[in-house]
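Below is one structure; the comments refer to it alone.
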Amino acid sequence: MNDRSTTHPSEHSQPNWHTLPAAEVETQLQSGPDGLADGEAARRIEQYGPNRLAPPKRRGVLMRLLMQFHNILLYVMLGAAVITAILGHWVDTGVLLAAVVINAIIGFIQEGKAEAALDAIRAMLSPHATVVRGGDRRQIDAAELVPGDRVLLVSGDRVPADLRLVKVKELRVEEAALTGESLPVEKGTDAVAADAPLGDRYGMAYSGTLVVFGQATGIVVATGAATELGKINQMLTGIQNLATPLLRQVDHFGRWLAFAVLAASAATFVLGTLWRGYPAADMFMMVVALAASAIPEGLPAIMTVTLALGVQRMAQRNAIIRRLPAVETLGSVTVICSDKTGTLTRNEMTVQRVVCADHVFDVSGVGYEPLGDCRLDDRIVDPEHYPALALAIRTGVLCNDAHLQQQAHQWRVMGDPTEGALLVLGGKVGFSQHVADGAWPRLDSIPFESQHRFMASYHQDSDGAPWIFVKGAPERILEMCGSQAGHAGDQPIDRDYWRRMATDTAAKGLRLLALACKRSAPANDQLTFADVEAGYTLLALVGIIDPPREEAIVAVDECHRAGIRVKMITGDHAETARAIGAQLAIGVGKPAVTGAELAMMDDAALRQVAIDVDVFARASPEHKLRLVQALQNDGQVVAMTGDGVNDAPALKRADVGVAMGMKGTEAAKEASDMVLADDNFATIASAVREGRAVYDNLKKFILFMLPTNGGEALVVIAAILFELTLPLTPAQVLWINMVTSSTLGLALAFEPAERGIMARRPRPPGEALLSGFFIWRVLMVSVLMMSGALGLFLWEMNSSGNVEAARTMAVNAVVMAEMFYLLNSRSILASVANRQGLTGNPYVLLAIAACIPLQLAFTHAPIMQSIFGSTDLSPLQWAQVACAGLLVFCVAELEKLVIRRSPLAARIAPTTVS
């Protein structure tokens, strides 16, 4: 241990331990069969530090809380609160301040949850380890492990550090959380190539993975931050959460609006005082009122309510939202990077092909439910008419240690999923495990061992005749066989045929098993390796795959039609990934790129590949993170799915991180924005649809809110320009703003998704919240509202000269116009002059119904008259007010009709155009 550069796993010059023979590892780390001496272990822990992941530096609680207020939208709301306080509207001030505080608290809590992702990774480290030190076997705190320690592993252990295995007995390790490999990995002691992916380093056992079978001895080669788990933790620490598209747009919109309001207020004050000679005190109060009405204090409330409603609807579809803005971000997603196993696929191994000497059979039915049949040239066949097929199925059920059970109407496999697939195949043709155990009792067996690559079992049939069945790797079983079962009986084996069929089946992405039998008994009634060396008849090759979910196929197609690219990033092998991708219409006709190939690319090349290629296999955490970053650098809005700790960095970096709720690790869930309760890709497509509806509703609210403020402002500005009596007092302006924001605009949060919403392409990530069309719509409706209110004001002043009556009519004209315009706002372009348009959202009708008594009270209640300077109106005056509102409705519908028939329609709102 004198040369630290050759042994310290955290140094850049460290060896690739997976490339070195076990003896070389022992030499470099000076670790013999007796392990390290206690003194040497103590010295090394001083040198390398404890085997734990250090917590990152974090801001203090107070600073975290204060930073939640650093938001342009909250600044605008605080400004509105100050203005309403100046005017003495204490209720409005209290509501605004409460909204600011609630938003800050929510952000504070969410930031704390995000940091819990790092805690979840640290919790994956094993608390204890069994080591050999000074020739003694002992159990120690895993934090005390150092490079060179000899660690003993048994089934059920969590690997406490990165180990180079030196002795292995039937070791299988569940590495899905780290590599994405869907099945437990068989381990050995052989060295592998330097560029072997993490999942192919069979001589290594990595910290945080789980031993599911067997025993092993390994030498610690990396601890703490130097482990693969530690590297992921470091990646998470360095990743900053990105602002969502909506928050970026609202921030830009808030800045623009704040500038516009200040500029308009200053210009109005100057015009009124210097040009028209109004008293400065009166103009100041009017300018303050106009500024208060222009500030969108209703926007944070409507955002929160709209997003919260989206959360509720998504929860009903098994999508659990952890961060509120993620609801809207889903609607702007342009690329979905999805894991394969369990998300796009069922996570249930299924036999799909049985290759016999004379026939190739397809098997229908997916998953563990034993429903399906065998087909030959698309014809359903009875296996009893094909002896080789029937005996192969029987072999798969008998030579099997798994169990198929039905629990609460759901079929589950207890044991190896591949063996479970063979049991399901037997159940489909009527040869169940229960029947097999009764008619063909097992007398002895040789369990599967990785070095032998087969399993054998000894049985007697109902006539007492002996049989030995074997299953295993095709090349190994082929060595044992001298004949093959044909349709007319046994015949000499055609090895070229079987090798050709194995290659063809593997090219389809199917995992291969070979099945064979021998009609004889063991030499001593005890099955030994001598009994299984030769003399077998090859029955069949079985092709097994985890098939895609049927609903995922539909969902991927829906995403493609919505203009969303779907990319598969998996830890599985390239052939399997490409085959599943083809069935899902992902990456058809394109190559699958492996993690090893990605590692050799610079950022520019990777960015191009990330855009062009749709299937990525054998991907490590670094590869997934780089792919997400490359897509984002290209301007894409990326949703990333994952379930393992290896996915956590990419989940955190993605615009929307989507974790699996059923099989996902806590680290993945804590790093995510959304959790799928059913681990189903189809749920993501539903969430995208809901996210698009949420964004639509936010745009509809803004289109409704801004003309309201614009109409009020234009009324006052026109009065100043033309030296008229002010049609609205400051108090009346605030009344209009309070009533419409509180009752009318909120109804748009409940608007259902429009037809064809998933037929449009994703909106460009940099798209402004207010387009040129939106500005036109705001100006048009503002002018219409101003025309109705100012026209009625002048009409009344000319006919009666009663300023109180004229102002009361102006206020009611603005509010009535907003009631009618609320109906228009239910759709940006589609007509609402029909039954669905007028009654399709009951909350719109409820909002109007709630607003009417408020306006009646404003007009006729004595206390309101004393506060706001209003007065009673006659039925004729009310009819004139209604006509002002109807004018806005009719002109807005006419404008929609003109635009729908113009080439602009497809660019403005394609989903609303039939």
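Quick note on our numbering: the sequence shown kicks off at 5 and runs consecutively.
Using N, Cα and C, we set each Cβ at its ideal position, and we do this for glycine too.
Small disclaimer: the values here were computed from a predicted structure and weren't measured.
DSSP state of Ile450 mapped onto helix, strand, coil:
strand
With distances taken Cα to Cα, identify the nearest neighbour of Thr843 among Leu827, Ala854 and Cys855.
Leu827
Taking Asn701 as the reference, which of Asp616, Val895, Ile450 and Gly335 has the closest Cα?
Gly335
Using only the alpha-carbon positions, how far apart do Ala518 and His463 sit?
19 Å
Could you tell me which of Val474, Arg457 and Ala425 sits nearest to Ser449, measuring between CA atoms?
Val474
Three-state secondary structure (DSSP) at Asp700?
helix
C-beta contact flag for Phe217 and Arg154 at 9 Å:
no
What is the rounded straight-line gap between the Cα of Asn20 and the Cα of Ala26?
12 Å
Can the beta-carbon of Ala361 be found less than 9 Å from the beta-carbon of Gly539?
no
Exposed unless 16 or more other CB atoms sit within 10 angstroms - verdict on Met801
buried
Can you tell me the Cα-Cα spacing of Ala763 and His564, whole angstroms?
9 Å
Backbone secondary structure at Leu101 - three-state DSSP:
helix
Spatial distance of Ser368 from Gly431 (CA atoms)
12 Å
Based on DSSP bridge pairs, tell me the residues matched to Trp415.
Gln410
Nearest candidate by alpha-carbon position, reference Leu794, set Leu725, Ser831, Leu738 and Ala753
Leu725
By the three-class DSSP mapping on this structure, what secondary structure does Ile721 have?
helix
In whole angstroms, give me the CA-to-CA distance for Asn637 and His256.
20 Å
Burial state of Phe435 (16 or more Cβ within 10 Å)
buried
Once DSSP output is grouped into helix, strand and coil, what is the label at Gln34?
coil
Enclosing alpha helix (DSSP H) for Glu897 [first to last residue]:
Pro879 to Arg904
For His456, which three-state DSSP category applies?
coil
Going by beta-carbon coordinates alone, are Ala180 and Val679 separated by less than 9 Å?
no
Nearest-angstrom Cα distance between Cys341 and Thr645?
6 Å
Closest Cα partner of Ala735 within the set Met664, Arg811 and Glu674
Arg811
Hey, would you say His363 sits closer than 9 Å to Ala394, going by beta carbons?
no
What do you get for Glu50, buried or exposed, if any count of 16 or more other CB atoms within 10 angstroms of its CB means buried?
exposed
Tell me the start and end of each unbroken beta strand (DSSP E) in the region 303–388 that is at least 3 residues and wholly inside, in chain order.
323–325, 339–342, 354–359, 364–367, 378–380 and 383–385
When the Cα of Glu373 is compared with those of Asn528, Val355 and Phe288, which residue comes out closest?
Val355
Between Gln505 and Val359, is the Cβ-Cβ spacing less than 9 Å?
Note on residue identity: the sequence assigns Met, not Gln, to residue 505. Taking 9 Å as the Cβ cut-off, Met505 and Val359 qualify as a contacting pair.
In angstroms with no decimal places, state the Cα-to-Cα distance between Asn351 and Glu758.
34 Å
To the nearest angstrom, report how far apart Ala220 and Lys235 are at their CA atoms.
25 Å
Looking at Thr227 and Pro151, is the spacing between their C-beta atoms short of 9 Å?
yes
For Leu901, count neighbouring C-beta atoms within 10 Å of its own C-beta (all shown protein chains included) and say buried if the count is 16 or more, exposed if not.
exposed
Mind checking if Asp683 is an interface residue toward chain B, Cβ cutoff 9 Å exclusive?
The question asks about chain B, but that chain is absent: this structure has only one protein chain.
Pick from Val428, Gln410, Val433 and Asp405: whose alpha carbon is nearest that of Asp420?
Asp405
Mark Ala896 as exposed unless 16 or more other C-beta atoms lie within 10 angstroms of its C-beta, in which case mark it buried.
buried
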